[in-house]
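Shown next, in the form of structure tokens:
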């Protein structure tokens, strides 16, 4: 499996959730796959001080910050071609709901970054699996609408997914939802109270489910 | 095991190496331990654009940036008391050689941040194990001098460790050096060409060796 992984920055409150991002890469590697990291070349909605939770008077670029998790090996998402990869995967973090779409501010009325929407649509059209962790299933539901996903068991987010046209199924750690029609695999991760080992397990389950969809065992 | 983990920021080129940091936390958790993250409350030496490698016209705080990896749950290193923890662990990243000490600029003549030096000395004095990944063994050698460590097989760094008064032993991935006299455990990680699974393995080996030193099997 050659996976494309999309990061929303670097840090749970304004970017990609770092543990989920790293465990996604680890899961791909330990299951015999390879990965290429991507991020949109846009400015972050804001920069959050991760100790105080306050907005900082700074501006940072999503692609440049995501490169920290990627150790520099990352491409702008405009370079993504669905034909070149076997799967497209979104770790979570508030950045997904702030930088990739506006769900954190607008709820189900949210807008999606054009390049993000195109990446999801082209992957879906070419019949390749999409994986989404934590809050990312909301983004997938916003773009594909009629899709079955899990974000764990948060009732507000689950209701929003219904409003978007999707279906939500409650899940615990280690349990994924596999939408076989749409080839979408989702898992709760930090949408549930979690240890880092549970994040590793959820990411691993998503990658194994994607491998199964691809016919690799 | 209740471990204290010290981060040097957030990003391989100016802070903590993110994969090593996350895999250290994962190794502690999967081996039945708990962790508290720490970082010095000092400004980073500089901020590096992780795509271009260039210095950015910004300034960032080591503790504030490390909080991204910690999901906000982090303390200033001045709060560290060796008596409260079973082990002190340093993941790698250039931040160790730029923010915790000046090895990246001054080689064996480097200075060590006072709070970092005190944390290492107090842990050593109270007979508790210290773990160090990647480039961090240089920091330990700079403070403790007569200590046996590995940074993999890089000849320049190995020679610098000798100059500092330490002993270097070459190691491959999955192999640690355990200095039983000083209770120091070290592993190469990204000082060798590495996959993320190898980082996970090295971190796990370090934590298992520390558990063994602590008499936990």
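Protein chains in written order, with the numbering used here: chain A, 1 to 217; chain B, 1001 to 1217. C-beta: ideal position from N, C-alpha, C; glycine also. Here the structure is a predicted model, which means the values were calculated and not measured.
Please classify residue i: is it buried, with 16 or more other beta-carbons within 10 angstroms of its beta-carbon, or exposed?
i: residue 171/A; result: buried
i: residue 90/A; result: buried
i: residue 59/A; result: exposed
i: residue 1047/B; result: buried
i: residue 145/A; result: exposed
i: residue 1159/B; result: exposed
i: residue 53/A; result: exposed
i: residue 94/A; result: buried
i: residue 98/A; result: buried
i: residue 1014/B; result: buried
i: residue 62/A; result: buried
i: residue 127/A; result: exposed
i: residue 83/A; result: exposed
i: residue 1055/B; result: exposed
i: residue 1123/B; result: buried
i: residue 166/A; result: buried
Go through its chain and collect everything with a Cβ distance to residue i's Cβ below 6 Å, but skip five positions before and after it.
i: residue 70/A; result: 37
i: residue 1006/B; result: 1038 and 1090
i: residue 157/A; result: 151
i: residue 136/A; result: 90, 92 and 96
i: residue 212/A; result: none
i: residue 203/A; result: 23, 24 and 27
i: residue 180/A; result: none
In chain order, what residues of the same chain have a beta carbon less than 7 Å from the beta carbon of residue i, not counting five sequence neighbours either side?
i: residue 1194/B; result: 1173
i: residue 209/A; result: 176, 178 and 185
i: residue 80/A; result: 4, 38 and 119
i: residue 1140/B; result: 1120, 1130, 1132, 1147, 1149 and 1184
i: residue 10/A; result: 16, 18, 65, 66, 68 and 69
In whole angstroms, give me the CA-to-CA distance for residue i and residue j.
i: residue 1/A; j: residue 78/A; result: 21 Å
i: residue 134/A; j: residue 1113/B; result: 38 Å
i: residue 35/A; j: residue 26/A; result: 10 Å
i: residue 1216/B; j: residue 1033/B; result: 11 Å
i: residue 1030/B; j: residue 201/A; result: 11 Å
i: residue 1110/B; j: residue 1205/B; result: 29 Å
i: residue 104/A; j: residue 1138/B; result: 44 Å
i: residue 1101/B; j: residue 153/A; result: 45 Å
i: residue 1051/B; j: residue 43/A; result: 15 Å
i: residue 1162/B; j: residue 87/A; result: 48 Å
i: residue 192/A; j: residue 12/A; result: 14 Å
i: residue 125/A; j: residue 207/A; result: 20 Å
i: residue 1196/B; j: residue 1187/B; result: 14 Å
From the beta carbon of residue i, is the nearest beta carbon of chain E less than 9 Å away?
i: residue 133/A; result: No chain E appears in this structure, whose protein chains are A and B.
Run through the DSSP bridge pairs and tell me what residue i is partnered with.
i: residue 1073/B; result: BP columns for residue 1073/B are empty, so no partner.
i: residue 87/A; result: 3/A
i: residue 29/A; result: None, per the DSSP bridge assignment.
i: residue 1187/B; result: 1133/B
i: residue 1035/B; result: 1003/B
i: residue 1167/B; result: 1148/B
i: residue 113/A; result: Answer by DSSP bridge pairing: none, since residue 113/A is not bridged.
i: residue 1207/B; result: DSSP output for residue 1207/B lists no bridge partner at all.
i: residue 101/A; result: 112/A
i: residue 1179/B; result: 1184/B
i: residue 41/A; result: Per DSSP, none; premise fails for residue 41/A.
i: residue 1062/B; result: Answer by DSSP bridge pairing: none, since residue 1062/B is not bridged.
i: residue 1048/B; result: 1055/B
Report all residues from its chain with a CB closer than 8 Å to the CB of residue i; omit the five preceding and five following residues, and keep chain order.
i: residue 199/A; result: 19, 20, 23, 189 and 190
i: residue 1117/B; result: 1143
i: residue 1106/B; result: none
i: residue 76/A; result: 38, 39, 40, 41 and 63
i: residue 164/A; result: 108, 138, 141, 142 and 145
Taking 8 Å as the cut-off, does the CB of residue i come closer than this to any heavy atom belonging to the ligand GTP?
i: residue 167/A; result: Absent from the structure shown: the ligand GTP. Ligands present: none.
Worksheet entry | Residues of the region 1025-1042 of chain B whose Cβ lies closer than 7 Å to any Cβ of chain A, in chain order | 1025, 1026, 1029 and 1030
Exercise. Taking a Cβ distance cut-off of 7 Å, strictly less, list which residues of the region 1193-1212 of chain B are near chain A, in chain order.
Key: 1195, 1196, 1197 and 1200
ask   = In chain order, what residues of the region 2-27 of chain A put their CB closer than 7 Å to some CB of chain B?
value = Listed by position along the chain: 10, 11, 12, 18, 19, 22, 25 and 26.
Quiz item: Going along the region 1087-1119 of chain B in order, which residues come within less than 9 Å of chain A, judged by CB to CB distance?
Solution: none
If the cut-off is 8 Å on Cβ atoms, which residues from the region 1067-1083 of chain B count as contacting chain A, listed in chain order?
1067, 1068, 1069, 1070, 1071, 1072 and 1074
- Item | Contacting positions in the region 47-60 of chain A - beta carbon closer than 8 Å to chain B | 49, 50, 51, 53 and 58
- Of the residues that make up the region 151-174 of chain A, which ones have a beta carbon closer than 9 Å to any beta carbon in chain B? none
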